[in-house]
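Protein chains in written order, with my numbering: chain C, 22 to 656; chain H, 4 to 562.
Note that the Cβ used here is the ideal one computed from N, Cα and C, for glycine as well.
One structure is given below, encoded as structure tokens.
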């Protein structure tokens, strides 16, 4: 079974106010286009991305001029570390007042990590009102404790700290100490992954899926788990494994070595799907276990700790009394597993080639902006340098003074109106550049706060941008109607149907007569140009956000308008966007695509409405409701 | 529980405009020529569809459902298509263009015609879209011409009382006397089968071509629909804007002196350089100068698109090259560019030196002068149109390389900036930005950056690095992600992961071609209604009526 995180987010209800990401590599243009809109639709107001400096720097280098919302709609912070080792955890944590979703896995917050590579993902959900889900709280608590550790070690900037404090204040459940001692999620903040899974039983068969292997960690895990058979699942094109050394190891340890390739079944589609999943499955006579997540089979991943010289990794653990409980992973219809006899694999590496870079001797951190004040911190050993700031959205450098602790404050004449990155440059007395810091996003605190308190209408606007969003909006409104069913009004014997409809704004005429259901006359099909143009112009020019969303009726109408929007217009836009409007075929293709989407949405909504009606019917037959409805039903 | 992840994209399509830059010129053209798109160039469809709807309303009042209308319109449309096909078949003229549902070279019409004996079934499938050509592609434009509008989803359209009904009644008068008309008014309003003779007779009268329209009662209402002289002069009104664009076309034809403005090169030269050829300039009527400037901006934006297209093609060709020995990193790409023989000197030069060199080639000494356009003419052989045309024809011969693409692309972009120095002084320069909505890669931003970098001593190599990173690679990513978001389609030509670019389709070649210009389609409409015509040598000229209409447009502006 496969899961796509971006699609999964579409299925969630708007129970969440905050999202926290951990990632190694990072593509913020991808995040802003494919993930952030879905979070906005969920009503999420606080977004924090904690990235490894490698990903953070790369995101800035490759996309800084196309990134629009960093520091304005979300906080993005690098987790820098003085010793070797990287922030390698991949997590998405959604937090609400009473709900939580925890998505862990091997995929980074990039196009490849979310939708192209072969990755594994694990989803856990928690609802305070649903006791069956309470056992998952330990997983949420573990992540929260990790965040608190990072905060207490002052590894996060002040904006991230403030956002996390705000999240804690609005979701106190996340800090509650769970009763269970079982830990389904482990991380390597101050204890290695291997040490934490030491308690798992030794195995007969150990299966490992990973793109990266190191001899030391392979030796260690084999020594600890004592498998009689070791099966490695790799992608021969992109695997780092010293095969000869692995063979020698298995000979020495008396276990058999099997090699398999894993590839995607849909490889006929264009664009490669590299194996990036990391899964360890142990099988023994009394059951099996599965450990999966971010850690490769390498020394810094499995045996190191963040507080030492290793990586920060996070893995989820499943334990079963069934020996074949995790066979599905290897038999999934999405993948193809084949034995691998002879391979030419790349040489051994310690990890994904991301040791701490010592190129920079200057770091800039905690850069915040509340117009016109720009504040920040420079970490440097340089003495007597002249400092300037270069902001990518400004045309000139800004001279600054730093105090004895490296802190600076300056004012900007022009207000920042887009995401901006800043670099600190040290110069000598002649104005010659000595060195410069890596670039840093400016956290635009006032804008972030405004975004955090934005209205419901932003979410509505985002929903009305697509059929899928309109579908979700429709369901939400119908559910809202359901919850707010006015039994008292329905049961009042003094109020006629038309009066009630009028009170709710559904009928605006003064007449209480039933609506005329006879077909319109032929003459009504000849319309006045002026009225027609006025209506057309209004619909075309009004932004959904600007339309009157004050009443539920209008909102529902807007949603239905979107769902029932004529495709011809949008097809033309699609054709223009695709620009190849020289042929009818392309034009028609765009039209057909939109039509298909609309039909799919309608099919789903049809099922939804059928369920809705059934639910309504059941409600009517509830005894307490029946009593309430009685006067109304008797008429 | 543990799950494998699936692909994000639902399907792969090739798409075009991978940098999303062409759409703003298209959106601006939608303002300049409302109701004309590149797939709708035959004006008689407007009166024909109005008539079909009118006939349906008059004859089918017992069942005005959409389903009934679908059958009705299909039968009438097939009669119409076959009639038009036959009309040109017997005349043995060139294939009739713009026939919806006829397929390439009217092959569908040809097959249906040949497979039928004496009788033709009007229930033959000829077009996939519901409501035939009225669904796509005329569905939107017929509303933009104020002929019809949608009533509700799932219901038949409505006909506007003045324009729509007038067209319908004029068409009705035109076809009175045909045998098909006799049949649908007296025998069966929606016949399933008719004879070929009846189609031939109908085609003679209703064909889309100017020769048939000349004898039709609907020609005059069609002209009025296009020009809308009933509306007061107000530039915010789309129909007035269209009137002015059509007036400009009449002016272009009026002054063509034997040149064919239907010819792509000529039209582009007139709009971009102000000449029909090296011997003949074009000067618009004073009343149309502003409108001419607006269309020039469309061409400027299109040339800018072409310059970027060259760079995009160069980069994608390189990523697609499987024989390349190195990983496709950005650094490796820059290395490739910088080591092209003719680029080695260029990339180390400053932008200031480079721009100076471009001006010197056309005998202009100061690159900060406003006179670049006066020097870099068609005659100089260095103008952007000529530079691009050479590449375009090289592509047809499959004969160009990274060096040519990068050096010409850069040169085209820089020359557009030099030429636009004068245009930017015109207040109308901002009009495209205002009317076209969100502009991707605004030309102003490019020009400002070029001037700033040239004045700061930045080298061509550094400028190219910025250009490729932000305008080509970064822009493609954001456009493809946007399409993935809204259409769930994968249109990536390459993707990026951990510092390396990967091709999505090694066989794909970004075509080099001019974006579409709706003026050609509007010109065809003017030819259809007899305001513009061809002389014996293929030159375009304004008919007597065309001269009168041109004068009316100019007069309305002056008033």
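Q: Taking only the alpha-carbon atoms, compute the straight-line gap between residue 137/C and residue 26/C and give it to the nearest angstrom.
A: Taking the first residue of the first chain as position 1, residue 137/C is located at position 116. Taking the first residue of the first chain as position 1, residue 26/C is located at position 5. In a straight line, the C-alpha of residue 137/C is about 12 Å away from that of residue 26/C.
(Q) What ranges does the alpha helix (DSSP H) occupy inside the region 402-447 of chain H, keeping only unbroken runs of at least 4 residues that lie completely in it? (A) 405-426 and 432-438
Q.
Along the chain, where does the beta strand (DSSP E) containing residue 6/H start, and where does it finish?
A. Looking up residue 6/H in the second chain gives position 3. Start and end: 5-8.
Q. Beta-carbon separation of residue 222/C and residue 275/C under 9 Å?
A. Sequence index remark: in the first chain, residue 222/C carries index 201 (1-based). Sequence index remark: in the first chain, residue 275/C carries index 254 (1-based). Contact: no.
Q. Using DSSP with H/G/I as helix, E/B as strand and the rest coil, what is residue 544/H?
A. Numbered from 1 along the second chain, position 541 holds the residue referred to as residue 544/H. The DSSP-derived three-state label of residue 544/H is strand.
Q. Closest Cβ-Cβ distance between residue 84/C and chain H: below 9 Å?
A. Position 63 of the first chain, counted from the first residue, corresponds to residue 84/C. Yes, contact with chain H.
Q) With respect to the beta strand (DSSP E) encompassing residue 400/C, which residues constitute its N-terminal and C-terminal limits? A) Position 379 of the first chain, counted from the first residue, corresponds to residue 400/C. 394-400 is the extent of the beta strand (DSSP E) around residue 400/C.
Q. Do you know offhand how far residue 228/H's Cα is from residue 501/H's?
A. Within the second chain, numbered from 1, the residue matching residue 228/H stands at position 225. Within the second chain, numbered from 1, the residue matching residue 501/H stands at position 498. Each residue's Cα considered, the two are about 57 Å apart.
Q: Return the Cβ separation of residue 454/H and residue 35/H in integer angstroms, given the expectation that the two are a contact with Cβ distance under 8 Å.
A: The residue you call residue 454/H lines up with position 451 of the second chain. The residue you call residue 35/H lines up with position 32 of the second chain. Not a contact, Cβ separation roughly 29 Å.
**Q.** Rounded distance between the beta-carbons of residue 56/H and residue 140/H, thought under 8 Å
**A.** On the second chain, position 137 is the one that residue 140/H refers to. On the second chain, position 53 is the one that residue 56/H refers to. Residue 140/H to residue 56/H, Cβ: 17 Å. No contact.
Q: Indicate whether at least one CB of chain H lies closer than 9 Å to the CB of residue 511/C.
A: Residue numbering aside, residue 511/C sits at position 490 when the first chain is read from its first letter. Unreliable placement is indicated for residue 511/C, whose pLDDT of 46 sits below 50; the coordinate value is still reported in the next sentence. No, no contact with chain H.
(Q) Here's a check: name, in chain order, each residue in its chain whose Cβ is nearer than 6 Å to the Cβ of residue 457/C, leaving out the five neighbours to either side. (A) Here residue 457/C refers to the residue found at position 436 when the first chain is read from its first residue. Excluding residues within five positions, the ones whose Cβ falls inside 6 Å are 444 and 446.
Q. Three or more C-beta pairs closer than 8 Å, one from the region 313-324 of chain C and one from the region 206-221 of chain C: is that the case here?
A. Note that the region 313-324 of chain C touches the region 206-221 of chain C; at least 3 beta-carbon pairs, one per stretch, sit closer than 8 Å.
Q: Hey, could you find the ends of the alpha helix (DSSP H) residue 138/H is sitting in?
A: The residue given as residue 138/H occupies position 135 in the second chain. Unbroken alpha helix (DSSP H) run through residue 138/H: 135-138.
Q) So is residue 257/C in contact with chain H if we call contact Cβ pairs under 9 Å? A) For this step, residue 257/C is matched to residue 236 along the first chain. Proximity of residue 257/C to chain H, defined by a Cβ-Cβ separation below 9 Å, is not satisfied.
Q) Mind checking if residue 22/C is an interface residue toward chain H, Cβ cutoff 9 Å exclusive? A) The residue you call residue 22/C lines up with position 1 of the first chain. Judged by the 9 Å Cβ criterion, residue 22/C is in contact with chain H.
Q) With 16 as the cutoff for other CB atoms within 10 Å, does residue 171/C come out buried or exposed? A) Within the first chain, the letter at position 150 stands for residue 171/C. Result: buried.
Q.
Does residue 620/C pass the burial test, meaning 16 or more other C-beta atoms within 10 Å, or should it be called exposed?
A. In the first chain, counting from the first residue as 1, residue 620/C sits at position 599. Exposed.
Q. Should residue 461/C be flagged as near chain H, meaning a C-beta pair shorter than 9 Å?
A. By 1-based counting over the first chain, the position of residue 461/C is 440. No - not a single Cβ of chain H is within 9 Å of the one on residue 461/C.
Q) Taking the C-alpha atoms as reference points, what is the distance between residue 385/C and residue 41/C? A) On the first chain, residue 385/C is found 364 positions in, with the first residue counted as 1. On the first chain, residue 41/C is found 20 positions in, with the first residue counted as 1. Those two C-alpha atoms are separated by around 23 Å.
**Q.** Contact residues within the region 161-176 of chain H, judged by C-beta distance below 8 Å to chain C
**A.** 161, 162, 163, 164, 165, 166, 167 and 168
Q: Could you work out which residues of chain C lie near residue 498/H, taking near to mean beta carbons separated by less than 8 Å?
A: Reading the second chain from its first residue, position 495 is the one you call residue 498/H. Chain C residues near residue 498/H: 132, 133, 137 and 292.
Q) If you measure from the beta carbon of residue 254/C to each beta carbon in chain H, is any gap under 9 Å? A) Position 233 of the first chain, counting from 1, holds the residue named residue 254/C. No, because no Cβ of chain H sits closer than 9 Å to the Cβ of residue 254/C.
Q. Are the Cβ atoms of residue 244/H and residue 238/H separated by less than 9 Å?
A. Indexing the second chain from 1 puts residue 244/H at position 241. Indexing the second chain from 1 puts residue 238/H at position 235. Taking 9 Å as the Cβ cut-off, residue 244/H and residue 238/H qualify as a contacting pair.
Q) Could one say the Cβ of residue 77/H lies closer than 9 Å to chain C's Cβ atoms, at least one of them? A) By 1-based counting over the second chain, the position of residue 77/H is 74. No, residue 77/H does not count as interfacial toward chain C.
Q) Using a Cβ-Cβ distance under 9 Å, would residue 436/H count as near chain C? A) Within the second chain, numbered from 1, the residue matching residue 436/H stands at position 433. So, not an interface residue.
Q: Closer than 8 Å by C-beta to residue 374/C: which residues in its own chain qualify, once you throw out the five before and the five after it? Chain order, please.
A: Numbered from its first residue, the first chain carries residue 374/C at position 353. With a pLDDT of 44 at residue 374/C, under the threshold of 50, the modelled position of that residue is not reliable, and no figure is offered here.
Q: Would you tell me roughly how many angstroms separate the C-alpha atoms of residue 596/C and residue 486/H, rounded to the nearest one?
A: The sequence position of residue 596/C within the first chain is 575, counting from 1. The sequence position of residue 486/H within the second chain is 483, counting from 1. Note that residue 596/C scores 42 on pLDDT, short of 50, meaning its location in the model is unreliable and no value can be drawn from it.
Q: Note the first and the last residue of the continuous beta strand (DSSP E) segment covering residue 429/C.
A: If you number the first chain from 1, residue 429/C lands on position 408. According to the DSSP assignment, residue 429/C belongs to the beta strand (DSSP E) that extends over 428-432.
Q) Contact check, residue 43/C vs residue 110/C under 8 Å by CB: the rounded distance? A) For the purposes of this step, residue 43/C is taken as the residue at position 22 of the first chain. For the purposes of this step, residue 110/C is taken as the residue at position 89 of the first chain. Yes, residue 43/C and residue 110/C are in contact; Cβ-Cβ is about 4 Å, under 8 Å.
Q: Spell out a yes or no on whether the region 46-56 of chain C and the region 141-157 of chain C are touching, meaning 3 or more CB-CB pairs, one atom from each, closer than 8 Å.
A: no
Q. With a Cβ-Cβ cutoff of 9 Å, do residue 387/H and residue 300/H count as a contact?
A. The residue you call residue 387/H lines up with position 384 of the second chain. The residue you call residue 300/H lines up with position 297 of the second chain. No, these two residues do not count as a Cβ contact at 9 Å.
Q. Looking at C-alpha atoms only, which residue of 431/C, 415/C and 414/C is the closest neighbour of residue 422/C?
A. In the first chain, counting from the first residue as 1, residue 422/C sits at position 401. It is 431/C whose Cα lies nearest to the Cα of residue 422/C.
Q) Which residues in the same chain have their Cβ closer than 7 Å to the Cβ of residue 219/H, if we skip the five residues on either side of it in sequence? A) Working through the second chain from its first residue, we reach residue 219/H at position 216. Here the set comprises 177.
(Q) List, in chain order, every chain H residue whose beta-carbon is nearer than 7 Å to that of residue 547/C. (A) Position 526 of the first chain holds residue 547/C. Simply 161, 162, 164 and 168.
**Q.** Residues, ordered as in the chain, of the region 297-314 of chain C that lie near chain H by beta-carbon distance below 8 Å
**A.** For the region 297-314 of chain C, which is checked against every Cβ of chain H, the residues closer than 8 Å are 298, 300, 311 and 313.
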